[in-house]
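Report on the structure given below.
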């Protein structure tokens, strides 16, 4: 976990305490003001920073977007909390996970810091679930909530603004009713610095930044849809632990979810992060990303795969470590530790991939995806070299297409100087067709200078 030590106390800070109205202080402090949040729970606060403001937290300073529920009555044979008028924003574009009820409803409920599962009707209540009767302003529980710590998410964001040069550091940010694809800390201006925070248990996304933004040394975990997202130029994502996101929003994580997703970036740098145990991809660049770098990341046990570079352009993926990604039964070359999907100009080198427990190794995939900001979305001119891969008997490596395979095969995609460890020399290597390693080299012309270790 990153070092989440509190930042140094600045002498010019405006000191805030739990119960203070932070937004009033923001307006009174003016541009460039520095705020120091003393330890305590700041409940249901929504902060809209001004230019150049900083929000620094003492150890234990927590922005909490939920209402504490303490009074319960028995109604129709169930425990209920009355007077719950909140109703968060829902998105028509949301894609539901299979079997999920009320996906995209951000009005989460927590018992002892664990999110409950929503159901559509009172007769479906069972342990671990809740039913929000919006017409009656009641939340019904599948368990007896008396004597427990019970919270209901109300506020849609913690800190969000289009102001530039904002800093957020040393805070815990939790339990906000962030809509799908929206973040509890949302830096919509330029040059935000979000560092050394713990961001957890928010319905949608934990942290977002734009042009020039920096997301550094945060612990981002257990958010409902996704840990991080970002867009814009020259974004830095460094030193974060991104864990156990994407499990409880009811949103299909292959639509959008998991560890982190970046869209329409230029010059994105993602380095030295530890992304693990997310439901979805560990790290995902999707839609018109160009000049992306992934380096020095540790990516482990993410259900859909490790890194996915999708409908995007030039990227460098190097010196990363992958273990146990994509082991959820996905077929073809889906679920690869490193997946290049309808993208071009990607160099993949000096990575270590352990797919011995399942999932695929390195996969180039081409489908019919149209065109984007910098040309056609095609899988061409990608170079895979000097990587080390350990494969299970079910793992695959190579390049596949279900659209214009000829273009992909003749498009300058190359594998060279890689080292593979397999259980047996089987048809695990794809270049259009599947081959043994020997035929992959001799028939497809790939992996010159590479080595195969059996056993």
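In this note's numbering, the protein residues as written are 177 to 631.
Just so it is clear, CB atoms sit at the ideal spot from N, CA and C, and this is done for glycine as well.
If you're wondering where the values come from, they're calculated on a predicted model, not measured in any experiment.
In terms of alpha-carbon separation, which member of the options lies closest to residue i?
i: residue 387; options: 369, 394 and 612; result: 369
i: residue 539; options: 558, 443, 364 and 398; result: 558
i: residue 571; options: 443, 541, 536 and 430; result: 536
i: residue 357; options: 294, 392, 320 and 429; result: 429
i: residue 399; options: 518, 578, 618 and 286; result: 286
i: residue 521; options: 271, 611, 490 and 365; result: 490
i: residue 237; options: 213, 243 and 593; result: 213
i: residue 477; options: 309, 360 and 502; result: 502
i: residue 602; options: 623, 569 and 580; result: 569
i: residue 266; options: 256, 283, 319 and 528; result: 283
i: residue 426; options: 344, 247, 296 and 217; result: 296
i: residue 421; options: 458, 182 and 414; result: 458
i: residue 576; options: 419, 508, 625 and 258; result: 508
i: residue 514; options: 480, 393, 409 and 544; result: 480
i: residue 298; options: 335, 511 and 251; result: 251
Span of the alpha helix (DSSP H) holding residue i?
i: residue 432; result: 429-432
i: residue 616; result: 613-618
i: residue 177; result: Unbroken run through residue 177: none, as it is neither H nor E.
i: residue 207; result: Counting along the chain, residue 207 falls outside any alpha helix (DSSP H), and DSSP gives it neither H nor E.
When we look at the beta-carbon of residue i and count the other beta-carbons within 10 Å, is it buried (16 or more) or exposed?
i: residue 249; result: exposed
i: residue 377; result: buried
i: residue 303; result: exposed
i: residue 629; result: exposed
i: residue 244; result: exposed
i: residue 618; result: exposed
i: residue 351; result: buried
i: residue 579; result: exposed
i: residue 325; result: exposed
i: residue 288; result: exposed
i: residue 401; result: buried
Which two residues bound the contiguous beta strand (DSSP E) that contains residue i?
i: residue 471; result: 468-471
i: residue 584; result: Run containing residue 584: none in the beta strand (DSSP E); it sits in the alpha helix (DSSP H), 581-585.
i: residue 190; result: 190-192
i: residue 363; result: 359-363
i: residue 350; result: 348-350
i: residue 131; result: Any property of residue 131 remains undetermined from this structure, which presents the chain solely from 177 to 631.
i: residue 250; result: 249-251
i: residue 257; result: 254-258
i: residue 483; result: 481-486
i: residue 242; result: 242-245
i: residue 445; result: 445-447
i: residue 223; result: Residue 223 -> no beta strand (DSSP E), and no H or E assigned at all.
i: residue 459; result: 457-462
i: residue 520; result: Careful: residue 520 lies outside any beta strand (DSSP E) and carries neither H nor E.
i: residue 476; result: 474-476
i: residue 629; result: 627-630
i: residue 232; result: 230-233
In whole angstroms, give me the CA-to-CA distance for residue i and residue j.
i: residue 193; j: residue 349; result: 16 Å
i: residue 223; j: residue 185; result: 20 Å
i: residue 347; j: residue 424; result: 23 Å
i: residue 555; j: residue 316; result: 50 Å
i: residue 587; j: residue 232; result: 51 Å
i: residue 240; j: residue 373; result: 13 Å
i: residue 338; j: residue 411; result: 16 Å
i: residue 533; j: residue 499; result: 8 Å
i: residue 228; j: residue 549; result: 32 Å
i: residue 439; j: residue 468; result: 11 Å
i: residue 219; j: residue 355; result: 18 Å
i: residue 280; j: residue 566; result: 38 Å
i: residue 180; j: residue 396; result: 11 Å
i: residue 199; j: residue 541; result: 48 Å
i: residue 463; j: residue 455; result: 20 Å
i: residue 493; j: residue 329; result: 38 Å
i: residue 290; j: residue 615; result: 52 Å
i: residue 272; j: residue 523; result: 34 Å
i: residue 596; j: residue 620; result: 17 Å
i: residue 461; j: residue 526; result: 20 Å
i: residue 306; j: residue 205; result: 41 Å
i: residue 215; j: residue 235; result: 6 Å
i: residue 391; j: residue 416; result: 8 Å
i: residue 371; j: residue 496; result: 22 Å
i: residue 405; j: residue 381; result: 7 Å
i: residue 631; j: residue 531; result: 14 Å
i: residue 680; j: residue 609; result: Nothing about residue 680 can be reported from this structure: the residues present for the chain run from 177 to 631 only.
i: residue 441; j: residue 474; result: 22 Å
i: residue 633; j: residue 312; result: The structure shown has nothing for residue 633, since the chain only spans 177 to 631.
i: residue 623; j: residue 465; result: 28 Å
i: residue 270; j: residue 264; result: 14 Å
Counting only beta-carbon separations shorter than 8 Å, does residue i have a partner in chain C?
i: residue 598; result: Absent here is chain C; the protein component of the structure consists of one chain.
Considering only residues of the segment 369-436, which uninterrupted alpha helix (DSSP H) runs meet the minimum length of 4 residues and lie entirely inside it, listed in chain order? 429-432
Only counting runs of 4 or more residues, tell me where the alpha helix (DSSP H) segments fall wholly within the segment 283-346, in order along the chain. none
Inside the segment 561-605 only - alpha helix (DSSP H) runs reaching at least 4 residues: 581-585
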